[in-house]
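Encoded as C-alpha cells, the structure appears first; notes follow it.
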Amino acid sequence: MNSARISLIFVLFLIACNFLAFSQVKTKRPKVGVVLSGGGAKGFAHIGALKVLVEAGVPIDYIGGTSMGGIIGGLFALGYQPDSLEKIVLQQNWPVLLSDEISRRNLTMKEKEQEEKYFFSLPIRERKIQLPAGLIAGQSVFNLLSYYGSTASKFKNFGEFPIPFLCIAANIENGESVILDSGPFATALRATMAIPTVFSPVEINGHLLVDGGLVNNYPAEEVRNMGAEVIIGIDVQGNLYSKEELNSFIRILNQSSAFLRRPMYEKGLAMTDIYIKPDLEDFSISSFTSADTIIKRGEKAARKILPEIYQLLDMLRQYDDFKPAIHEPASPIEKLFIQEVVIEGVKNISPTFINSHLQIKIPDSADYKTIIRNIEKLYASKNFNFIHYYLTPLQRGGYRFTLQISEKPGTELRVGINYNSDLKAALFVNTTFRNFNAPNDRLSLSLDLGDNSGFEFDYLIDRGWKPGLGAAVKGFSFDVPIYAGENKIAAYTFSSFTTRIYSQSNIYNFSNIGCGIEMEYSSMRSDILSVPIDDYRDWNFNIFGFLRVDDLNRKILPAKGRKFEGEIKLITNVKDTLDKKVHPALFVTCRYLQAIPVNNKLTIIPDFGAGALWSEPGVTIPKYEMYSGGLTDKFGNGLFTFTGLEFMQIRSRNVLIGRIDLQYEVMNNLFATAKWNLGFFSQDFNKLLTENQAVNGYGLSLGLRTPIGPIGLTLMRSDYHQKWLGYFNLGYLF
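Those letters in the sequence shown? Residues 0 to 733, by numbering that gives the first Met the number 0.
Below is the structure:
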C-alpha cells in the first residue's frame, strides 16, 4: 500500500514538472532578428523601414547587415534611433565625404603650393610605379564612423550592444565570408563597406577584408545563428538584369558578382519570415544625394506590409515576456579622459611629429571632435595611407587611445597638363619623396616640359612652428614679348637659374614666414627680331624674406578664404650702364586677395597687388622690374596679371593694381565671372598715382572645374589699346 502511494505521488510529481516546463517554454517568446542587405546609397532605405518597425513596437533582439546595411544596423544596434540616423545621413556632404577630399585648410603651405597642379598621383614602391589598392582611402568615412560609433568602446564585443549585432566582410585572399562581431567598431564598419577597387581593403587580425556584399549580401543565416527564430529582412539589392538590359560592362560586372552570391542569398530568403523590398529601381548604389527620397521609399515599403507586422506582434503578445523595442538613445562621446596614447605601425615617421598634431596631454581630458580634427590635419600631411584609431576603457578610469597607422610609400609620381593662350602647351611631372633623409623632410623634383620649360628642386626639413631648413634650385626659360605702346614688336628668350638656402616657420597650416639667401644667374638671348637686342649674362647674390598666408577653400575659383604673398629682396652685385658696381637695390612685391561669399552661389573677390624696385638713379635691372598683363601668373613675384592686357604688356619699376571679381556658380562646378581691373604704372615711385592715367581693364570669364583641372575662357578689353582679347586655359597652371 505504501509503495503504491509512493508511486502515485511520483507520477503526479512528474506530471507537475512537465506542466511547469511546458508553461515556461510557452511563455518564452521567439527572438526576432533583423537582416539589412548591402546596396550602397540604396541602404538609406533601411532607416525608413526601421522607423516603421520601431513605431509598431517590434521587439528587435538581434541585427546583422552587410556594407551600408552593416553601417545602419550597427549604429541602430548601439541605440541610435531612426530619426537620429536620418538626421546624421542628411547632414553629410556625401560627394566630399566619399571622395576623401582633404580640406585645403588642413594642408601644409608646401602642399598648398603643389595642390591643384596635377590631376593624378601614383605611389612608387621598390622603384616601381604601382596602382593604389583602392581609389579612395576612406579616411573621411572612418572619421565619421569613429565619432558616432565612439560609444561602442564601453562594450567588450558587439554582442553586448543594446541589440546584439554583427556585420559581414569578405576575405579578398580566399573569398570567404567573415563575421565581424568584435574589435574596434569603426574598423569593422569600414571593412564591411570596402567596395573592391573603390575603397582600400582593411586588415583585421591578419586578414585583408573588403565589402561583404561580394560574397554574402544578405546575412540571414548568421542572424539566425545568433539566436533569432523570426527573421525580418530588408532588402535593397537590385534585381538581376534581363538580356536587353545587359548593355554596359558595369551592368555585366554587377550581374557577375550577383551570381556569385546568389546561392547564399536564396538560402537567406528561405529563412525570412517578413520580407521588405523597397522600390529603388530609380536609384543606384551611388545615389547619395537622393538620401531623403530613398529613406521615404524604405518607410513606404515597410508600411505596405504593416498587416504582416501586426500579425507577428499579435503572435508575440501571447507570450508573457513580450516587451516592445525600447532602448536608451545613443549619442557620441564628446568629452573623455585619456590616460595613454599608443601608436602602432610607425616605421619612418617620428612619433613626435604625430603627437605634435594630436595635441593630447597625458593624462588629461580632451574633446573627441577636436582629436578627430587634429587627426584630419595629420592625415593631410600626406604621409599616411590611413589612420585608424579606437578607445579602450581602462580599469583605473579614463581611456587608452590607440592609433593604427599605415605609412605611405615615401615616393609619389604626379602628372599634370596645361594649355593657355599666353604660354601654350606644357606637361608637368613631379616626384615627391617624404621622409627621404630625415624625419618629416620633403624632397620635390618637378619638370615642366613645353613651349616654355623649367625645373625645380626643393628640399625642406619641416619642423612646424620651429624654424626648418630648406634648399631649392629653380630654372626656367620663356619668351618675353616686347611692346611699343599697344603693339608687340619683338621677343627675346629669358633664362634664369636660381639657388636658394632658406629657413621657414609654419604658423598653423595657413601661413609661413621665412628668410634666406639666393644666387641668381640669368641670361637674355635675342630671337629673330625686328628690333635687335644685345645678348647678356648676369648674376646677383640676394638676401630675401617672405610671408605667405593662404586659407582659401580652393586655389582655383575659391568661394571663401584669403591669400597673401609678400617678398622683400635685397639685390647685390648691381651694375650701372658702364658695368660698374653700385649700391644694392631693393625689390618688394605683395599680393592680397579675399573671397567673400555673398550666398552659396555668388562670391565677391577683391584682389590687390603692388610692386616696387628701388635702385640708384639711372640704373635699370630688367629682370627685377614689374611686368603686367595677361591672366597667367607663373614665373615670379614681379609678374602681375591684368584683365584686358596682353601677357607682360606693361613694364614698369613700380605698380599698383586693384581688381574685383564677381564670381557666380551657374550650376555645379560651372562659374561665370565678371572682372574689372584698375592699374597704376610708373618708373618713379613718388609719381605712381600721378604720372600716368590709370589703366582700366574688364572681362567676362566662364570656368569649369573638371577632374583634369579647370577649363576657362575669357573675353576681355582695356582702355590701353581698345581691342578685344581672348584667353583660353585648360588644366592646372604649374
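We put the beta carbon where it would ideally sit given N, CA and C, even for glycine.
Quick one: measure Cβ to Cβ for residue i and residue j, integer angstroms, because I've assumed they're closer than 8 Å.
i: tyrosine 117; j: asparagine 429; result: 6 Å
i: arginine 716; j: glutamine 682; result: In fact, because the Cβ distance is near 26 Å, the residues do not count as touching under 8 Å.
i: valine 748; j: glycine 678; result: Because the chain in this structure spans residues 0 to 733, residue 748 falls outside the shown range and cannot be described.
i: arginine 441; j: leucine 412; result: 15 Å between Cβ atoms; not a contact.
i: serine 176; j: valine 214; result: 5 Å
i: phenylalanine 454; j: alanine 290; result: 48 Å between Cβ atoms; not a contact.
Can you name, in chain order, every residue of its own chain whose Cβ lies under 7 Å from the Cβ of residue i, other than the five neighbours on each side?
i: serine 380; result: Thr107
i: leucine 426; result: Ile416, Leu448 and Gly449
i: leucine 569; result: Asn541, Ile542, Pro583 and Leu585
i: glutamine 692; result: none
i: alanine 365; result: Leu335, Ile337 and Ile359
i: proline 392; result: Ser152, Lys153 and Tyr398
Answer yes or no: do residue i and residue j have a C-beta to C-beta separation smaller than 7 Å?
i: tyrosine 739; j: isoleucine 337; result: No answer is possible for residue 739: the residues shown for the chain start at 0 and end at 733.
i: isoleucine 167; j: threonine 271; result: no
i: lysine 423; j: aspartate 450; result: yes
i: phenylalanine 456; j: leucine 444; result: yes
i: proline 709; j: isoleucine 604; result: no
i: lysine 407; j: asparagine 439; result: no
i: glutamine 236; j: serine 36; result: yes
i: alanine 673; j: leucine 701; result: no
i: tyrosine 217; j: glycine 267; result: yes
i: arginine 658; j: aspartate 606; result: yes
i: serine 522; j: lysine 622; result: no
i: leucine 794; j: leucine 655; result: For residue 794 there is no data in the structure shown, the boundaries of the chain being 0 and 733.
i: tyrosine 61; j: proline 163; result: yes
i: glutamate 375; j: asparagine 105; result: yes
i: phenylalanine 639; j: serine 627; result: yes
i: threonine 738; j: glycine 610; result: Outside the shown range of the chain (0 to 733) lies residue 738, about which nothing can therefore be said.
i: isoleucine 512; j: leucine 546; result: yes
i: asparagine 539; j: asparagine 572; result: yes
I'd like the span of the alpha helix (DSSP H) that includes residue i, first residue to last.
i: phenylalanine 75; result: 67-77
i: aspartate 313; result: 305-315
i: arginine 189; result: 184-191
i: leucine 144; result: 138-147
i: alanine 437; result: Careful: alanine 437 lies outside any alpha helix (DSSP H) and carries neither H nor E.
i: alanine 594; result: Unbroken run through alanine 594 is the beta strand (DSSP E), 584-596; no alpha helix (DSSP H).
i: leucine 89; result: 81-90
i: asparagine 695; result: Element bounds for asparagine 695: not the alpha helix (DSSP H) but the beta strand (DSSP E), 694-705.
Which residues bound the beta strand (DSSP E) around residue i?
i: histidine 737; result: No answer is possible for residue 737: the residues shown for the chain start at 0 and end at 733.
i: glycine 47; result: Glycine 47 -> not in any beta strand (DSSP E); alpha helix (DSSP H) instead, spanning 44-55.
i: valine 229; result: 229-233
i: tyrosine 274; result: 273-275
i: phenylalanine 454; result: 453-460
i: valine 95; result: Element bounds for valine 95: not the beta strand (DSSP E) but the alpha helix (DSSP H), 93-98.
i: isoleucine 570; result: 560-570
i: asparagine 429; result: 423-433
i: phenylalanine 352; result: Where phenylalanine 352 is concerned, there is no enclosing beta strand (DSSP E), although the alpha helix (DSSP H) it sits in stretches over 350-357.
i: glutamate 664; result: 653-666
i: isoleucine 604; result: 601-613
i: glutamate 343; result: 334-343
Who are the Cβ neighbours of residue i in its own chain at under 6 Å, not counting the five residues just before and after it?
i: lysine 722; result: none
i: leucine 724; result: Met715
i: phenylalanine 563; result: Val548 and Tyr591
i: alanine 20; result: In this predicted model, alanine 20 has a pLDDT of only 46, less than 50, meaning its place in the structure is not dependable; the value taken from the coordinates is given anyway. If we look at alanine 20 and ignore the five residues flanking it on each side, it has no Cβ neighbours.
i: aspartate 234; result: Ser36 and Lys276
i: isoleucine 308; result: Ala55
i: glutamate 265; result: none
i: lysine 559; result: Asn552, Ala594 and Pro596
Between residue i and the rest of its own chain, which residues show a CB-CB distance below 8 Å, the 5 nearest in sequence each way excluded?
i: leucine 207; result: Asn170, Ile171, Glu172, Pro200 and Val201
i: proline 94; result: Phe287 and Thr288
i: leucine 11; result: Bear in mind that a pLDDT of 45 at leucine 11, under 50, signals an unreliable position, so the model cannot answer this.
i: valine 530; result: Any reading at valine 530 needs caution, since the residue's pLDDT is 48, under 50, leaving its predicted position unreliable; the model's value is listed next. Taken in chain order, the residues that qualify are Ile481, Ile488 and Ala489.
Can you check whether the C-beta of residue i is within less than 7 Å of a C-beta belonging to chain D?
i: isoleucine 135; result: As a matter of chain content, chain D is missing from the structure shown, which is built from one protein chain.
Taking contact to mean 3 or more Cβ pairs, one atom from each stretch, closer than 8 Å, check whether the stretch 658-676 and the stretch 718-733 are in contact. With a cut-off of 8 Å on Cβ pairs, the stretch 658-676 is not in contact with the stretch 718-733, counting fewer than three such pairs.
Counting pairs of Cβ atoms below 8 Å between the stretch 296-313 and the stretch 90-105, do you hit three or more? no
Evaluate the contact criterion for the stretch 665-674 versus the stretch 610-620: three or more CB pairs, one atom per stretch, below 8 Å. no
Between the stretch 75-92 and the stretch 344-360, are three or more C-beta pairs nearer than 8 Å? no
Does the structure place the stretch 456-476 close enough to the stretch 496-510 that three or more beta carbon pairs sit under 8 Å? yes
Using 8 Å as the threshold, is the stretch 174-193 in touch with the stretch 141-160, meaning 3 or more CB pairs across them? yes
Does the stretch 312-332 come into contact with the stretch 284-296, if we say contact requires no fewer than three beta-carbon pairs (one atom in each stretch) closer than 8 Å? no
Assess, as a yes-or-no matter, whether the stretch 158-172 is touched by the stretch 81-93 under the definition of 3 or more beta carbon pairs within less than 8 Å. no
Is the number of C-beta pairs between the stretch 27-34 and the stretch 283-292 that are closer than 8 Å three or more? no
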